[in-house]
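Okay, structure first, notes after.
Protein chains: 2
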Amino acid sequence: MRLIENWFSERYSDNLQLSFRVKDQLLSIKTDYQRIDLFDTYDFGKLLSIDGTVQLTERDEYIYHEMITMLPYYFNTKPETALIIGGGDGGAAKRLLKLNFKNIVNAEIDRNVVEVSRKYFPEIASSFDDKRVKLIIGDGIKYIKNSNEKFDRIIIDSTDPVGPAEGLFSKEFYNDIKNHLTDGGIAVTQSGSPYYQEKALSLAYKGLSGVFSNVKTYLAFIPTYPSGLWSFTMASERAFKIRDENVINGTYFNKDILAGSFYLPEFVKKIII
Amino acid sequence: MRLIENWFSERYSDNLQLSFRVKDQLLSIKTDYQRIDLFDTYDFGKLLSIDGTVQLTERDEYIYHEMITMLPYYFNTKPETALIIGGGDGGAAKRLLKLNFKNIVNAEIDRNVVEVSRKYFPEIASSFDDKRVKLIIGDGIKYIKNSNEKFDRIIIDSTDPVGPAEGLFSKEFYNDIKNHLTDGGIAVTQSGSPYYQEKALSLAYKGLSGVFSNVKTYLAFIPTYPSGLWSFTMASERAFKIRDENVINGTYFNKDILAGSFYLPEFVKKIII
Numbered sequence: 001m002r003l004i005e006n007w008f009s010e011r012y013s014d015n016l017q018l019s020f021r022v023k024d025q026l027l028s029i030k031t032d033y034q035r036i037d038l039f040d041t042y043d044f045g046k047l048l049s050i051d052g053t054v055q056l057t058e059r060d061e062y063i064y065h066e067m068i069t070m071l072p073y074y075f076n077t078k079p080e081t082a083l084i085i086g087g088g089d090g091g092a093a094k095r096l097l098k099l100n101f102k103n104i105v106n107a108e109i110d111r112n113v114v115e116v117s118r119k120y121f122p123e124i125a126s127s128f129d130d131k132r133v134k135l136i137i138g139d140g141i142k143y144i145k146n147s148n149e150k151f152d153r154i155i156i157d158s159t160d161p162v163g164p165a166e167g168l169f170s171k172e173f174y175n176d177i178k179n180h181l182t183d184g185g186i187a188v189t190q191s192g193s194p195y196y197q198e199k200a201l202s203l204a205y206k207g208l209s210g211v212f213s214n215v216k217t218y219l220a221f222i223p224t225y226p227s228g229l230w231s232f233t234m235a236s237e238r239a240f241k242i243r244d245e246n247v248i249n250g251t252y253f254n255k256d257i258l259a260g261s262f263y264l265p266e267f268v269k270k271i272i273i
Numbered sequence: 001m002r003l004i005e006n007w008f009s010e011r012y013s014d015n016l017q018l019s020f021r022v023k024d025q026l027l028s029i030k031t032d033y034q035r036i037d038l039f040d041t042y043d044f045g046k047l048l049s050i051d052g053t054v055q056l057t058e059r060d061e062y063i064y065h066e067m068i069t070m071l072p073y074y075f076n077t078k079p080e081t082a083l084i085i086g087g088g089d090g091g092a093a094k095r096l097l098k099l100n101f102k103n104i105v106n107a108e109i110d111r112n113v114v115e116v117s118r119k120y121f122p123e124i125a126s127s128f129d130d131k132r133v134k135l136i137i138g139d140g141i142k143y144i145k146n147s148n149e150k151f152d153r154i155i156i157d158s159t160d161p162v163g164p165a166e167g168l169f170s171k172e173f174y175n176d177i178k179n180h181l182t183d184g185g186i187a188v189t190q191s192g193s194p195y196y197q198e199k200a201l202s203l204a205y206k207g208l209s210g211v212f213s214n215v216k217t218y219l220a221f222i223p224t225y226p227s228g229l230w231s232f233t234m235a236s237e238r239a240f241k242i243r244d245e246n247v248i249n250g251t252y253f254n255k256d257i258l259a260g261s262f263y264l265p266e267f268v269k270k271i272i273i
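Chain order of the listed sequences is A and B. Quick note on our numbering: the first sequence kicks off at 1 and runs consecutively. Quick note on our numbering: the second sequence kicks off at 1 and runs consecutively.
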């Protein structure tokens, strides 16, 4: 008999929430940028939440991280260098290493996200110990303004467009991104839940379209994110073309998903008209 | 200031639940078959739950109903007749009428589902007043055993494979379905959440594959169903071919979805191997 049950709930609106039964809360800190909580949940293993929203869980992080790295990988010239903005958990860098990227710069604004990930998700954060990865603790927006380096892929692995991540959805930032892509390079950003966060998708799509010649939104199903449906938006100065190359299967990603994720429901199309 | 908050929660497992804040509970009855509850929710309007699981809400019922009717409509010979098994809310029949079906038989086992829908979802249940729809209150499994009628589409719009709907996932039933399809006709069943209800999808896919030459699973995103990802499985003795015909947009369904819903994530493919 359990006398006490503990649940962590994420509010999707004032009137809707998803709740995870937790074995224990392992951490709760307020940093200069945000609040970070770490729960040990029954169904999804360890769960990292920032400002009350689920960022990753042990059980389903593979979907988000495969989709933000593997899918753009297969387009245009084979990439070897990447800049990750955000991504302090190390999950995006880890997938890029598996794809044999040679040089990855990862700019995370909040040192605590990296430290929490090193402690509670050591398998994921181990990417930061690889010599191909250069971790920078600092503001990605400033980093890119002051750098002359160019990258084959720029991955904007941010939180929602409120608080520290707001500037990561601005046209000015997208313009800086464009100037730091190699010829035919691709930028990709997470762009929120089309169902609950129309504004994030609309900001990302319209912002990128104002700067890049080619912009495409794609979708993935993520059970621990609001509504279960998530969007990503990628942009390039070169038309998107899938390379003629064997596609490696992830746990979610495969050759079918590489083609199928771009087919959008009518209500999603209406957001990005 | 609200002194009391009421929430309806659906448990996806012992350790995970989605909760809707409700203005009022409008109904709670136990019938011979199941428990039916009706809530007025803030975010999704009226919500019908059977045995504690969300069946439909005013706000997002269009996704499920478009996907179980419109998608199979566009394959093979243009259909004019349909049998719906379950579907006591009238939502599937309503979409078939919009697609100009001429003759629809709707067999619902629980009279109370129809009555509740007539009272609380009159716009949806109005399909039962159309003279092209013949409503039969009775067991769909027995109905099909005792009938000689054949249909262009058979739609299995059931609850989960426990309780009254269990027989609707059996090979024997699928065999009866096959014998009641016209030449080139198509059967389609809802087959659960691939994430939380692997068994439903596996039962449907393997059961139909044991009986039909052509079986295909497709997916849709439904925010109020477990995990947000839902599967449907369709079957035919004739190879599936999309007709050369203008595709009408739904609110979710469109020409892209007609093509894109068949691309499956790797973890879903593994369930139906």
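For glycine and all other residues, C-beta sits at the position ideal for the given N, C-alpha and C.
Remark: C-beta atoms of B:GLU80 and B:LYS102 approach each other more closely than 7 Å. Nearest to A:VAL211 by C-alpha distance, out of A:ALA235, A:GLU10, A:ILE36, is A:ALA235. In this structure B:ASN246 is exposed. Its beta-carbon is surrounded by fewer than 16 other beta-carbon atoms within 10 angstroms. Put simply, the backbone Cα of B:GLU149 is about 20 Å away from that of B:ASN76. Inclusion of B:VAL114 and B:LEU83 in the CB contact set at 7 Å is not warranted, their separation being larger than that value. The beta carbon of A:GLY163 lies closer than 8 Å to those of TYR33, GLN34, ASP51 in the same chain, with the five residues before and after it left out. Put simply, the backbone Cα of A:GLU237 is about 26 Å away from that of A:SER193.
In the displayed model, B:ARG243 falls within coil according to three-state DSSP, outside both helix and strand. According to the DSSP assignment, A:ASN214 belongs to the beta strand (DSSP E) that extends over 214-221. The DSSP assignment places complete beta strand (DSSP E) segments of no fewer than 3 residues inside the region 57-109 of chain B at 81-86, 103-108, in order along the chain.
For A:PRO79, there are no neighbours in chain B by C-beta distance under 7 Å, as the nearest C-beta there is about 22 Å away. For A:ARG21, the neighbours in chain B by C-beta distance under 8 Å run, in chain order, ASP14, ASN15, LEU16. Taking the beta carbon of A:PHE253 as reference, the chain B residues within 9 Å of it are PRO265, GLU266, listed in sequence order.
For A:GLY91, not one C-beta of chain B is nearer than 7 Å to its own C-beta. Cβ atoms of A:PRO223 and A:ASP60 come within 8 Å of each other, at about 6 Å.
Bounds of the alpha helix (DSSP H) holding B:LEU258 are 255-260. Our two residues, A:THR233 and B:ILE137, have alpha carbons roughly 48 Å apart in a direct line. A:ILE141 and A:ALA125 have their C-alpha atoms some 23 Å from each other.
Across the structure, B:GLU198 and B:TYR12 are spaced so that their CA atoms are roughly 13 Å apart. In this structure, B:ILE156 lies near B:ILE85, with their beta-carbon atoms less than 7 Å apart. Per DSSP, B:GLY140 is one residue of the alpha helix (DSSP H) stretching across 140-145.
In the three-state scheme derived from DSSP, where H, G and I count as helix and E and B as strand, B:LEU3 is classed as coil. For chain A, the residues of the region 216-229 of chain B that bring a beta carbon within less than 7 Å of one of its beta carbons are PHE221, PRO223, SER227, GLY228, LEU229, in chain order. In the displayed model, A:ILE248 falls within coil according to three-state DSSP, outside both helix and strand.
Sequence-distant partners of B:TYR196 (beyond 5 residues in either direction) whose C-beta falls short of 6 Å from its own C-beta, in its chain, are TYR12, PRO226, SER227. Leaving aside the five residues that flank B:ILE242 on each side, the residues in its chain whose CB is nearer than 7 Å to its CB run, in chain order, TYR74, PHE75, LEU258. At a cut-off of 7 Å between beta-carbon atoms, A:ILE248 makes no contact with chain B.
Interface annotation for the region 24-54 of chain B against chain A: THR41, TYR42, ASP43, PHE44, criterion Cβ-Cβ distance under 9 Å.
In the three-state scheme derived from DSSP, where H, G and I count as helix and E and B as strand, B:GLU237 is classed as coil.
For the C-beta of A:ILE257, the chain B residues within less than 9 Å are, from N- to C-terminus, TYR263, LEU264, PRO265, GLU266.
With fewer than 16 other Cβ atoms inside 10 Å of its own Cβ, A:LEU3 counts as exposed. For the pair B:SER191 and B:TYR218, the CB atoms are not nearer than the 7 Å cut-off. Where A:PHE20 is concerned, there is no enclosing alpha helix (DSSP H), although the beta strand (DSSP E) around it starts and stops at 16-30. In this structure, the alpha-carbon of B:TYR120 lies about 26 Å from that of B:PRO161. By the CB criterion at 7 Å, A:VAL215 and A:PRO72 fall outside the cutoff. Residues of the region 184-206 of chain B with a C-beta atom less than 7 Å from some C-beta of chain A are TYR195, listed in chain order.
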